[in-house]
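The numbering of the sequence shown is this note's numbering, which starts it at 6 and goes up by one. Glycine included, each C-beta is placed from N, C-alpha and C at the ideal position.
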Amino acid sequence: MAFDLTPDYWETLRLTLALATCTAGLLLLLGIPLAYALAHGRGPLKPLLEAVVGLPLVLPPTVIGFYLLLAFSDGTALGRFLINTLGLSLNFTFAGILVGSLVYSLPFMVQPLQAGFQNLPRSLTEAAYTLGKSRRTTLWRVLLPNMKPALLSGTVLAFAHTLGEFGVVLMIGGNLPGRTRVASIAIYDEQQSLRYPQANAYALTLLAVAFVILVALFYVTKRDASRRLL
């Protein structure tokens with residue numbers, strides 16, 4: 006099947022990669038403290054928080070997108086605050102689909118990081134505290150450098166998961182070229198219009214990108230595990 010790399014293709018690909026990159030980067034910053042709290046927390050609310058974080062794994066994306074669409078509209082207190090006070094209209098914008106992506110991909114970042122924290126030997130933390138290090142210094146200077154595979158796994162999974170998002174992005178952002186039209190939506194749109202060469206170009210690109218980053222992830226993880234055994 007032939008390829009059709011039009012200017013729209015490159016613009017859609019740019020927007021898709023920008024969304025995935027921003028989502029992975031922001032989730033890394035948000036996920037580290039959240040995963041640390043879940044890994045070391047012992048309160049009665051921990052199971053509830055873990056359930057909230059894991060909810061996107063079992064909910065249909067359209068459900069998440071629908072409620073975020075309502076939350077961002079002027080019919081809710083949050084929406085009116087965003088629009089009237091902050092001047093932010095998130096529906097059908099890149100910022101809106103970014104927020105949706107953060108919510109939908111949250112467990113793909115937090116759960117690997119939480120497992121990484123839990124698998125670290127407690128002696129690392131105890132040694133740092135014995136040397137007078139603060140909790141913040143222990144986190145950033147001792148724990149995180151020793152859980153690089155978990156950091157890499159969370160970042161790659163969040164990035165790859167965002168590449169394939171469809172329902173959340175469609176509900177919040179629609180299909181606006183240059184603003185909210187990402188590759189997964191473009192595939193559906195081109196297929197519905199019987200433009201198979203264009204759909205094939207988007208689909209093969211996503212397949213290639215996802216395959217390459219997963220191979221790189223498995224290679225780096227295996228190499229790190231081999232070094233630990235030496």
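| Item | Value |
| --- | --- |
| So, for LEU162: in the same chain, excluding its five sequence neighbours on each side, which residues have a beta-carbon less than 6 Å away from its beta-carbon? | PHE113 |
| Can you tell me the Cα-Cα spacing of ALA76 and PHE216, whole angstroms? | 35 Å |
| If you check the beta carbons only, do VAL1 and VAL187 fall under 8 Å apart? | With the chain represented from 6 up to 235, any question about residue 1 goes unanswered, as that position is not in the structure. |
| Tell me the DSSP secondary structure of LEU234 in three-state form. | Note that LEU234 scores 49 on pLDDT, short of 50, meaning its location in the model is unreliable; the coordinates nonetheless yield the value given after this. Helix. |
| For GLY178 versus PHE97, is the C-beta distance shorter than 8 Å? | yes |
| Secondary structure at VAL68, three-state DSSP: helix, strand or coil? | helix |
| Keeping to the same chain, check which residues put their C-beta closer than 6 Å to that of VAL115; ignore five residues upstream and five downstream. | GLY36, LEU39, ALA40, VAL58 |
| Check for me: the alpha helix (DSSP H) holding MET114 runs from which residue to which? | 99 to 124 |
| Helix or strand or just coil, what does DSSP make of ASN180? | coil |
| Of the choices ILE190, SER110, PHE122, whose alpha-carbon is the least far from that of LEU62? | SER110 |
| Classify ASP194 as helix, strand or coil using the three-state DSSP reduction. | helix |
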